[in-house]
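Here's the structure, in structure tokens; my notes come after.
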Amino acid sequence: MKEISKQFKMTRNRRIVFVVTLLTVFTWCANGQYTTTTDGLDYNVTSIVDLDVDREEQARRNVTQLLDNVLHGYNKNVRPNAGIRPTTVKVDIFALSLGPVIDLDMEFYIEVFFRQRWSDPRLNYNNTNGMDFTVLSLNTIMLESIWYPDTYILNGKKSKSHSITMPNRLFRIFPNGDILYTQRLTIVAACPMQFQKYPMDTQYCPIEFGSNSYSKDDVLYEWLTEDGTDDANLTASVDISDDIRLSQYALLSWEATSKTKESNRIGDRTILRVEFELKRNLGNFLIQTYLPCSMVVILSWISFFLNREATPARVALGIMTILSITTLGWNSRTQLPKVHYANAIDWYVLLSFGFTFAAVVEFASVNYFTKRRAGMMPGMQDDEEDDMLQAQVEQVEETLKKRKRKQKKSFSFFRSMSREHSHGARRLLNSTPSKSNQDEWTSDEDDTNLCGDIINCLSGNAEYRRRRFKSTAKDGKTFNSVSKIDEMSRIIFPVSFCLANGLFWCIYKIF
């Protein structure tokens with residue numbers, strides 16, 4: 010037990026000594042002791058910082074020396090491999106936005122990242138002074154010191170390079186002498202549009218790139234394929250953002266091609282072409298033109314159900330529908346260039362105009378058979394009036410005879426009735442209708458020979474008119490009879506318009 014207690018006391022004493030020693034060291038450190046050690050630590054930290062600075066400075070010196078060595082004796086006015094082989098420029102495009110497409114000016118807007126790659130052996134810096142750079146990302150100011158292709162847009166109207174907040178360009182040099190040059194461009198390009206099927210048309214809007222001054226013997230343009238092979242799909246060289254939306258069109262597809270363009274000025278040139286297939290959206294035109302035109306045509310059919318003696322109402326309705334169709338047709342062409350041919354919407358407006366005009370002509374035909382009697386009838390000769398009045402007298406007398414046979418009353422009653430009705434007929438013939446009570450006498454068409462009636466009607470045959478009036482009076486038809494032309498038009502016009510619409514949409518939507 011004594012030995013254990015001694016060991017415990019020794020262990021406790023050692024702990025106390027250790028704690029005191031630590032407190033002394035911390036106190037000295039707090040009072041600035043061990044200056045030599047602290048100065049050594051500061052010296053080590055400073056040495057590390059100075060080493061990083063030296064490395065950065067050395068890297069800058071190496072890059073500067075590298076560029077000086079590469080550009081030493083470099084002539085930027087001479088293309089790579091001049092006199093040996095053509096310089097190949099590989100191009101790929103990433104479209105950020107497409108549209109708007111302006112039909113009136115036949116142009117469209119597109120914003121792209123335009124990338125060009127070419128190889129310049131003079132800029133090869135492999136194993137230069139033992140420096141190993143995987144790629145040199147340089148400021149585009151360096152472009153002024155080297156050769157780069159003079160690419161331009163053949164069908165471009167106006168284009169701009171973005172420079173906010175800094176010029177949107179990228180310039181890199183790889184160890185093997187390959188160069189990557191990327192620009193962000195907004196291009197306004199001409200689009201050769203055809204409007205024969207407008208607004209059910211499909212437009213093909215291209216962009217063409219090529220060299221401004223070099224022929225294909227000096228500079229060749231190729232699409233940069235994804236896997237770097239020549240037989241790959243060229244369309245893969247053009248990528249489209251998923252966020253692209255157009256208001257009037259739908260982007261169906263695009264195709265990248267290359268061709269050779271002949272030029273007497275500089276020789277044959279290689280041209281890269283990307284063509285966008287744009288399908289016009291029809292919804293806006295259905296609401297603004299097609300449905301209103303159809304409704305105006307249907308509105309013109311109301312005249313077939315109006316009384317044929319209601320001339321002011323039917324004439325006003327016909328004029329209103331014709332003017333409405335004319336206004337709709339005028340508005341449908343405000344967004345189009347003044348082309349020399351008619352397009353699909355013009356034909357539809359013309360079709361609608363034809364049906365509304367036919368409704369007015371139909372009423373004119375019906376009105377021709379309607380004889381108005383207000384004093385003297387226009388265009389009626391005296392002998393024609395006598396024949397018509399005589400036909401009325403004969404009709405009244407024939408009616409009296411029928412009543413006599415049916416009623417079988419006394420002779421005196423028939424005699425008095427005959428006097429009364431004869432007196433009434435004479436009074437009717439000798440009286441002049443007042444303005445407030447102008448009864449309209451009408452006639453109907455002959456069912457057996459409609460074509461002959463139309464010919465006699467158009468020729469103004471007076472004998473035909475007298476005969477028609479007599480036959481109508483004998484049939485007992487007098488006031489407000491329904492025209493056969495109106496009855497037929499109620500069926501013919503809607504059926505014809507539906508058939509014409511079906512034919513129209515089949516021609517322009519299917520073919």
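Numbering (the numbering used here) for the sequence shown: 10 to 520. For each residue, glycine too, the CB sits at the ideal point set by N, CA and C.
| Item | Value |
| --- | --- |
| D495 (DSSP reduced to helix, strand or coil) | helix |
| Bridge partners - C214, DSSP secondary structure assignment | F285 |
| Sub-8 Å separation of I173 and I196 beta-carbons | no |
| In DSSP terms, what A198 is bridged to | F117, G165 |
| Expected contact under 8 Å - CB spacing of T279 and T266 to nearest Å | Rounded, the Cβ-Cβ distance is 11 Å, inconsistent with contact. |
| Residue closest to N177, alpha-carbon to alpha-carbon, out of D252, I102, N185, R193 | R193 |
| Cβ neighbour criterion (16 or more within 10 Å) applied to I516 | exposed |
| Contact set for L243: own chain, Cβ-Cβ below 6 Å, skip 5 residues either direction | W232, A265 |
| Span of the alpha helix (DSSP H), counted from its first residue to its last, around T365 | 353 to 377 |
| Assigned secondary structure, E231 (DSSP; H/G/I helix, E/B strand, else coil) | strand |
| Outcome for F314 when other beta-carbon atoms lying within 10 angstroms are tallied against a minimum of 16 | exposed |
| Buried versus exposed call for E496 [16 or more other C-beta atoms within 10 Å across all chains shown] | exposed |
| Per DSSP, the bridge partner or partners of V247 | I102 |
| Opening and closing residue of the alpha helix (DSSP H) in which I155 lies | Neither: I155 is in no alpha helix (DSSP H) and is coded neither H nor E. |
| CB of G219 within 8 Å of CB of L163, strictly | yes |
| Residues near A509 in its chain [Cβ-Cβ closer than 7 Å; skip 5 each side] | L360 |
| Element boundaries [alpha helix (DSSP H), containing L337] | 320 to 340 |
| Cutoff 7 Å; reference C507; Cβ partners in own chain excluding five residues on either side | none |
| Nearest candidate by alpha-carbon position, reference D159, set V87, T343, T234 | V87 |
| Cα-Cα separation, R181 to K518 | 50 Å |
| Environment of K169 [buried if 16+ CB atoms lie within 10 Å] | exposed |
| Three-way DSSP call (helix, strand, coil) for P89 in this model | coil |
| Short Cβ contact (8 Å threshold) for K206 with D277 | no |
| Whole-angstrom distance between D112 and F294, CA atom to CA atom | 14 Å |
| Continuous alpha helix (DSSP H) stretch holding L308: start and end | 300 to 309 |
| Beta-carbon proximity list for M115, same chain, < 6 Å, skipping 5 on both sides | C200, M202 |
| V247 Cβ short of 7 Å to the ligand MG heavy atom set | Absence of the ligand MG from the depicted structure is noted, as is the absence of any ligand whatsoever, leaving it without description. |
| V369 to A353 span [Cα, whole Å] | 25 Å |
| Between the CA atoms of Y299 and F372 - distance to the nearest angstrom | 25 Å |
| Meets three-Cβ-pair contact criterion under 8 Å: the segment 117 to 125 and the segment 71 to 78 | no |
| For S146, the first and last residue of its enclosing beta strand (DSSP E) | 145 to 147 |
| Contacts around F366, its chain only, beta-carbon distance under 7 Å, and the 5 residues preceding and following it disregarded | I331 |
| Exposure label - W339; buried when at least 16 CB within 10 Å | exposed |
| Neighbourhood of V358 by C-beta distance below 8 Å, restricted to the same chain and skipping five residues each side | T298, C302, I334, L337, G338, S341 |
| Proximal residues to N185 (C-beta, below 7 Å), its chain only, five neighbours per side dropped | N133, N135 |
| Helix, strand or coil at Q205 [DSSP, three-state] | coil |
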